[in-house]
């Protein structure tokens, strides 16, 4: 049975699948990333996981995977297959594509950025399907964005398009790891809400999900924390919407699991900020949840198979000039 390997690497865990030619998930697995063991150990964990997935495919489907797609966080040079930098994994300039291809005995590998890969899946088979321009923004530990234009995800000239988490929305706000103050992800990510609610509630174990529940129960402290995050998010999104003018704004990540507790005030906050010349986009929840990155990695792999097939077909149709008679 034809299949590819799909692997989504996160800061704490890895999600993987063997994906059939029709998009069916033939096998799924998860493992811890183990970043506390250091960058080299993380890379070896990725390679070992991919190797085990290849073996599973051979054992259960009678043939090896035709390609592999892997999504990783941080700065990614997809063209050259290099994981350039990831602060939460501690690596620099890892030739991930070559390492994986070698471990998989020559199987072609496509490397992608985790959020842009998730955006690819949301655009093709998720909440952005049919939208010619969309912005996918997952609200997790941090905040990033994927810009969908005409069925493709825009990488930018240097591979960092969509990094809206580092738009400064509160110049006098808390310091960010990027060196600025008041970045969007320091105020409106799931981790930022968790921190703010832990402080406001006096419970160091409280998180964003707890805050959402307290909002729903009418706790005024939670409502203030939540609204502060929503307002910061709306300010950051307005900048992105002004620049990109998308038809659809897709919100995903852990914070989006709050449902209308998030979406009702967020839609209202964005609408209040829209000016006369702008058009309010449809603001919708992501459809694929935490599987978006893995599904997107599978799409990257199948795209690679299709390109290689097309290239082989073109080669087959090349005319050998020595065979042309006059």
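Residue numbers (my numbering): 263 to 588.
Ideal Cβ positions, reconstructed from N, Cα and C, are used throughout, including at glycine.
Cβ-based burial, residue i [other Cβ within 10 Å; buried from 16]
i           : result
residue 379 : buried
residue 298 : exposed
residue 417 : buried
residue 393 : buried
residue 355 : exposed
residue 539 : exposed
residue 338 : buried
residue 344 : buried
residue 493 : buried
residue 542 : exposed
residue 400 : buried
residue 402 : buried
residue 595 : Only positions 263 to 588 of the chain appear in this structure, which leaves residue 595 out of reach.
residue 294 : exposed
residue 263 : exposed
residue 324 : exposed
residue 439 : exposed
Pair within 8 Å by beta-carbon distance, residue i and residue j
i           : j           : result
residue 524 : residue 517 : yes
residue 390 : residue 550 : no
residue 362 : residue 508 : no
residue 333 : residue 375 : yes
residue 514 : residue 548 : yes
residue 407 : residue 377 : yes
residue 433 : residue 443 : yes
residue 415 : residue 381 : yes
residue 528 : residue 545 : yes
residue 469 : residue 456 : yes
residue 421 : residue 340 : yes
residue 385 : residue 368 : no
residue 383 : residue 558 : yes
Neighbourhood of residue i by C-beta, 8 Å cutoff - its chain only, sequence neighbours within 5 removed
i           : result
residue 534 : 496
residue 567 : 266, 328, 329 and 370
residue 521 : 547
residue 289 : 279, 280, 315, 318, 319 and 322
DSSP-derived helix/strand/coil call for residue i
i           : result
residue 409 : strand
residue 323 : helix
residue 424 : coil
residue 386 : helix
residue 572 : helix
residue 582 : Bear in mind that a pLDDT of 43 at residue 582, under 50, signals an unreliable position, so the model cannot answer this.
residue 377 : helix
residue 514 : strand
residue 587 : In this predicted model, residue 587 has a pLDDT of only 32, less than 50, meaning its place in the structure is not dependable enough to derive any value.
residue 431 : coil
residue 268 : strand
residue 338 : strand
residue 221 : Because the chain here runs from 263 to 588, residue 221 falls outside it and cannot be looked at.
Other residues of its chain near residue i: CB distance less than 6 Å, five sequence neighbours each side excluded
i           : result
residue 501 : 429
residue 273 : 350
residue 556 : 268, 270, 277 and 279
residue 466 : 460
residue 336 : 347 and 348
residue 307 : 296
residue 552 : none
Cutoff 7 Å; reference residue i; Cβ partners in own chain excluding five residues on either side
i           : result
residue 585 : Because the pLDDT at residue 585 is just 40, under 50, the model does not fix this residue reliably, and the value given afterwards should be weighed accordingly. Nothing meets the Cβ criterion.
residue 472 : 459
residue 365 : 309, 312 and 313
residue 483 : 462 and 463
residue 423 : 409, 416 and 417
residue 301 : 351, 352 and 353
Residue i at chain B interface by Cβ criterion, 8 Å
i           : result
residue 385 : The structure shown has no chain B; it contains just one protein chain.
Which full runs of the alpha helix (DSSP H) of 4+ residues lie inside the region 453-507, going along the chain?
Segments of the alpha helix (DSSP H) lying fully in the region 453-507: 470-478 and 482-506.
Taking only runs of the beta strand (DSSP E) that begin and end inside the region 277-322, which ones reach a length of at least 3 residues, in chain order?
Whole beta strand (DSSP E) segments, 3+ residues: 287-294.
Inside the region 530-565 only - alpha helix (DSSP H) runs reaching at least 4 residues
Entirely contained in the region 530-565, not one alpha helix (DSSP H) run reaches 4 residues.
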